[in-house]
Amino acid sequence: MNSIKKRLVVNFMFVIIITVVILEIFLISIIKHHYYKGLEDNLYNQLLISSDLYSRYFSDASLNENILNNVDSFWKQTSAQVQIIDLEGNVLMDSIGITPTNLGNSDDVKKALQGQKGRWLGMVDYDTVAVMSVAYPLMARGEIVGVLRFISTLREVQKEVQRIAFLFIAFGCLVIFISGFVSLILADTIVGPLKQVTLAAEKMALGDFKAKSDVKVKDEIGKLSNTLNYMASEIVKKEQLKNDFISSVSHELRTPLTSIKGWAITLKNGYEDKEMLADGLEIIEKESDRLTQMVEELLDFSKFISEKSELDYEEVDISNVMEHIKKQLTPRAVRDNISFEVTYSQLMPSTYTDENKLKQVFINLLDNAFKFTPQGGKIIFTAEFQNNEFIFKVKDTGSGISQEELPKIKEKFYKGKSSKSSNGIGLSICDEIIRLMKGQFHIYSEIDSGTEAIVKLPLREGKTT
Ligand code: ADP
530 MNSIKKRLVV NFMFVIIITV VILEIFLISI IKHHYYKGLE DNLYNQLLIS SDLYSRYFSD
590 ASLNENILNN VDSFWKQTSA QVQIIDLEGN VLMDSIGITP TNLGNSDDVK KALQGQKGRW
650 LGMVDYDTVA VMSVAYPLMA RGEIVGVLRF ISTLREVQKE VQRIAFLFIA FGCLVIFISG
710 FVSLILADTI VGPLKQVTLA AEKMALGDFK AKSDVKVKDE IGKLSNTLNY MASEIVKKEQ
770 LKNDFISSVS HELRTPLTSI KGWAITLKNG YEDKEMLADG LEIIEKESDR LTQMVEELLD
830 FSKFISEKSE LDYEEVDISN VMEHIKKQLT PRAVRDNISF EVTYSQLMPS TYTDENKLKQ
890 VFINLLDNAF KFTPQGGKII FTAEFQNNEF IFKVKDTGSG ISQEELPKIK EKFYKGKSSK
950 SSNGIGLSIC DEIIRLMKGQ FHIYSEIDSG TEAIVKLPLR EGKTT
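Just so you know, we're using this note's numbering here: the sequence shown kicks off at 530 and counts up by one.
In structure tokens, the structure reads:
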């Protein structure tokens, strides 16, 4: 038996046994009291009849005379042992001939001498079982002349109480036994699902993330099971992403490296003219730049992933940012034969933000726009200020994104099928930066007609607000 089950059963049993024992003690005491009271009432009723008979018919003679004359009809209707006691507590007569002793100190006799009903429970020399006695005064002409005492053994009553107690105890044991069995089943309903979850967790720990914990209960264990399954599916997803990323990055790195190596070997083996040397060196330089950019992107990205990224707030004039971007990308637009328009309102307030990261967002979005827009296409970059927020739009007339791909493009390492896609981290970096700036980021696109990226940033009037 495993330990939780054992603990549960032991706890259940503990509660059940305590309840049964307390209940039995209570019930047996009530039964005992009931039987003793029954016997007492019975004796007392007989005693009252006898004492009444005495005061009615025998009160003319003294107590001693009555005893000597053997006037015993007044107590004959009882089956109990009968004693007649004088005012000093001496036993004048005993129906079974017990040697008279002084009973003046016995509780019941004392009470009877005071005119009340008395009762006493205890052991006597002539019996091995306890007895019960009841005593009542004998009256003659309104005065107490002695005490009449009826004594009964408790043998029968005790036997009866024992018989009932035995029945109760047997029934209690049966209850404990059945409850023990039920608590085993109950413990199983708790421990069973827990075992299943543990089994699945053990498989997952060994690397089998396809193992599912299929506990269907709707309690904490069910929640644990769902969380475990979710964790496993996230690990599988991350693992897949990591593999995709590694293969995509190695592929991306290999292309410029192959070209650099190819040209290095060619030039090492001699070159025909200066033009060839210049071409070769230019390609090597360009490809090295590409490699550097890629590595920088990766470094940036890993910084974001490890959440070390923080914003460096400073006062920023958005028009300057727009102008800077315009200057930086116009040569590319001319080279790629794409019309590039940058428009912004002159009345925009300055805001506190991280200028470099903001530029990085726009460069990433515009880089995508340039990559996916063919020659002759158009890219518009606009900025406006409305309702205390800046709205930036990057709109292109490029290849567009299919509706199936659209929800995934902001995910880390997700890249489209196009040969122009690189490592799939540009948009995830934008998303992360915009999230840090407490802004909103949406991309709308239609395949073959173009894409529009919208960034909304709240106005921030100080470093801390
Ligand atoms: P990548 O480095 O591949 O460009 P991004 O995260 O920047 O990675 O973009 C993810 C994917 O989203 C791209 O591979 C591409 O398929 C798609 N995409 C992003 N911007 C555009 C755009 N302006 N036009 C068409 N497709 C785009």
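Positions of the beta carbon are idealized from the N, C-alpha and C atoms, including for glycine. Bear in mind the structure is a predicted one, so any value in this text is a computation, not a measurement.
Q: Over the uninterrupted beta strand (DSSP E) stretch that includes M760, give me the two end residues.
A: Within the sequence shown, the letter at position 231 stands for residue 760. Premise fails: M760 lies in the alpha helix (DSSP H), 749–797, not in any beta strand (DSSP E).
Q) If we count the other Cβ atoms within 10 Å of its Cβ and call it buried at 16 or more, is T756 buried or exposed? A) As a first step, residue 756 must be located in the sequence shown, where it is residue number 227. Exposed: under 16 other Cβ atoms inside 10 Å.
Q. So, is M966 buried or exposed, given that buried needs 16 or more other C-beta atoms within 10 angstroms?
A. By 1-based counting over the sequence shown, the position of residue 966 is 437. Buried is the call here.
Q. In the structure shown, what three-state DSSP assignment does M668 receive?
A. Position 139 of the sequence shown, counting from 1, holds the residue named residue 668. Strand, per DSSP.
Q.
Assuming contact is defined by CB atoms lying nearer than 9 Å, are S777 and G945 in contact in what I supplied?
A. Taking the first residue of the sequence shown as position 1, residue 777 is located at position 248. Taking the first residue of the sequence shown as position 1, residue 945 is located at position 416. Result no, Cβ atoms of S777 and G945 do not sit closer than 9 Å.
Q: Report the residue from W649, Q645, K900 whose alpha carbon sits nearest the alpha carbon of R864.
A: Walking along the sequence shown from the start, residue 864 turns up at place 335. Nearest of W649, Q645, K900 to R864, Cα basis: K900.
Q | Where E617 sits in the DSSP three-state scheme | A | As a first step, residue 617 must be located in the sequence shown, where it is residue number 88. Assignment of E617 by DSSP, reduced to helix, strand and coil, places it in the coil class.
Q.
Between E839 and the ligand ADP, is there a pair consisting of the residue's CB and a ligand heavy atom that are separated by less than 8 Å?
A. Walking along the sequence shown from the start, residue 839 turns up at place 310. For the ligand ADP, not one heavy atom lies less than 8 Å from the Cβ of E839.
Q: Report back the beta-carbon spacing between V663 and K646 to the nearest angstrom; my notes put them in contact at under 8 Å.
A: As a first step, residue 663 is located in the sequence shown; it is residue number 134 there, counting from the start. As a first step, residue 646 is located in the sequence shown; it is residue number 117 there, counting from the start. Correct: roughly 7 Å between the Cβ atoms.
**Q.** Spatial distance of G751 from K745 (CA atoms)
**A.** Translated into positions along the sequence shown, residue 751 becomes position 222. Translated into positions along the sequence shown, residue 745 becomes position 216. Rounded to whole angstroms, G751 to K745 spans 6 Å at the Cα level.
Q. So which of I614, L770, T859, V658 has the shortest CA-CA distance to Q641?
A. Taking the sequence shown and counting its residues from 1, the one referred to as residue 641 is at position 112. Contrary to the premise, residue 641 reads as Ala rather than Gln in this sequence. Looking at the Cα atoms, I614 is the closest of the given residues.
**Q.** Secondary structure, alpha helix (DSSP H): runs of 4+ residues fully inside the region 879–930
**A.** Correct list: 884–901.
(Q) Quick check on G809: does DSSP put it in helix, strand or coil? (A) Here residue 809 corresponds to residue number 280 of the sequence shown, with the count starting at 1. Looking at G809 - three-state DSSP - the assignment turns out to be helix.
(Q) Mapping the DSSP letters down to three states, classify Y842 as helix, strand or coil. (A) As a first step, residue 842 is located in the sequence shown; it is residue number 313 there, counting from the start. It is coil, neither helix nor strand.
Q) On the three-state DSSP scale, how would you describe K985? A) Indexing the sequence shown from 1 puts residue 985 at position 456. Strand.
Q: Check whether the region 557–570 touches the region 720–729, counting contact only when three or more Cβ pairs, one atom from each stretch, lie closer than 8 Å.
A: no
(Q) So, at 8 Å on beta carbons, what are the nonlocal neighbours of D637 in its own chain, with the 5 sequence-adjacent residues on each side left out? (A) One-based indexing of the sequence shown puts residue 637 at position 108. Result list for D637: G647, R648, W649, S662, V663, A664, R678, in chain order.
Q: Under 8 Å by Cβ, that's how I've got D925 and T980 pegged, so tell me the actual separation to the nearest angstrom.
A: Working through the sequence shown from its first residue, we reach residue 925 at position 396. Working through the sequence shown from its first residue, we reach residue 980 at position 451. About 6 Å; that satisfies the 8 Å criterion.
**Q.** F901 Cβ short of 8 Å to the ligand ADP heavy atom set
**A.** Locating residue 901 in the sequence shown gives position 372, counting from the first residue. At least one heavy atom of the ligand ADP is nearer than 8 Å to the Cβ of F901, so yes.
Q | Sheet register partners of M622 (DSSP bridge) | A | Reading the sequence shown from its first residue, position 93 is the one you call residue 622. DSSP lists I613 as partners of M622.
Q: Would you tell me roughly how many angstroms separate the C-alpha atoms of D581 and I625, rounded to the nearest one?
A: Position 52 of the sequence shown, counting from 1, holds the residue named residue 581. Position 96 of the sequence shown, counting from 1, holds the residue named residue 625. Their backbone Cα atoms lie some 22 Å apart in a straight line.
(Q) Taking 8 Å as the cut-off, is the beta-carbon of L956 closer than that to any non-hydrogen atom of the ligand ADP? (A) The residue given as residue 956 occupies position 427 in the sequence shown. Yes, since a heavy atom of the ligand ADP falls inside the 8 Å radius drawn around the Cβ of L956.
Q) Which residues in the same chain have their Cβ closer than 6 Å to the Cβ of Q978, if we skip the five residues on either side of it in sequence? A) Translated into the one-based positions of the sequence shown, residue 978 becomes position 449. It should be pointed out that residue 978 corresponds to Ser in this sequence rather than to Gln. Around S978: G929.
(Q) Could you give the first and the last residue of the continuous alpha helix (DSSP H) run that contains E594? (A) For the purposes of this step, residue 594 is identified with residue 65 of the sequence shown, where counting begins at 1. Segment 592–597, the alpha helix (DSSP H) holding E594.
**Q.** Same chain, Cβ closer than 7 Å to F830, five either side skipped, listed in chain order
**A.** For this step, residue 830 is matched to residue 301 along the sequence shown. Closer than 7 Å at Cβ, skipping near neighbours: I954, I958.
Q) Since S588 and F603 are thought to touch, with beta carbons under 8 Å apart, how far apart are those beta carbons, to the nearest angstrom? A) Stepping through the sequence shown from its first residue, residue 588 is reached at position 59. Stepping through the sequence shown from its first residue, residue 603 is reached at position 74. Actually they do not touch by this definition, with Cβ atoms about 11 Å apart.
Q) Buried or exposed: where does M622 fall if 16 or more other Cβ atoms within 10 Å of its Cβ makes it buried? A) Taking the first residue of the sequence shown as 1, we reach residue 622 at position 93. That one is buried.
Q) Would DSSP call Y943 helix, strand or coil? A) Within the sequence shown, residue 943 is the residue found at index 414, counting from 1. Y943 falls in the coil class under three-state DSSP.
Q: Specify the secondary structure class of I673 as computed by DSSP and reduced to three states.
A: Within the sequence shown, the letter at position 144 stands for residue 673. In the structure shown, I673 sits in a strand (DSSP, three-state: E or B).
(Q) Under DSSP, the alpha helix (DSSP H) around Y800 begins and ends at which residues? (A) In the sequence shown, residue 800 corresponds to position 271, counting from 1. No alpha helix (DSSP H) holds Y800; DSSP gives it neither H nor E.
(Q) Need the endpoints of the alpha helix (DSSP H) that I958 sits in, please. (A) Within the sequence shown, numbered from 1, the residue matching residue 958 stands at position 429. Element bounds for I958: 955–965.
Q: Report yes if the C-beta of S831 is less than 8 Å from at least one heavy atom of the ligand ADP; otherwise report no.
A: In the sequence shown, residue 831 corresponds to position 302, counting from 1. Not under cutoff, so the answer is no.
Q.
Starting from G709, trace the alpha helix (DSSP H) in both directions and tell me its first and last residue.
A. Working through the sequence shown from its first residue, we reach residue 709 at position 180. Counted as a single uninterrupted DSSP element, the alpha helix (DSSP H) harbouring G709 occupies residues 684–734.
Q) Would the beta-carbon of V850 fall within 9 Å of that of E884? A) As a first step, residue 850 is located in the sequence shown; it is residue number 321 there, counting from the start. As a first step, residue 884 is located in the sequence shown; it is residue number 355 there, counting from the start. Taking 9 Å as the Cβ cut-off, V850 and E884 qualify as a contacting pair.
Q) How is the alpha helix (DSSP H) around V651 delimited, first residue to last? A) As a position in the sequence shown, residue 651 is number 122, starting the count at 1. Before going on, a small fix: residue 651 reads as Gly here, not Val. G651 -> not in any alpha helix (DSSP H); beta strand (DSSP E) instead, spanning 647–651.
**Q.** Identity of the residue in G709, R861, E826, P785 nearest I813 by Cα
**A.** As a position in the sequence shown, residue 813 is number 284, starting the count at 1. I813 has its Cα closest to that of P785, out of G709, R861, E826, P785.
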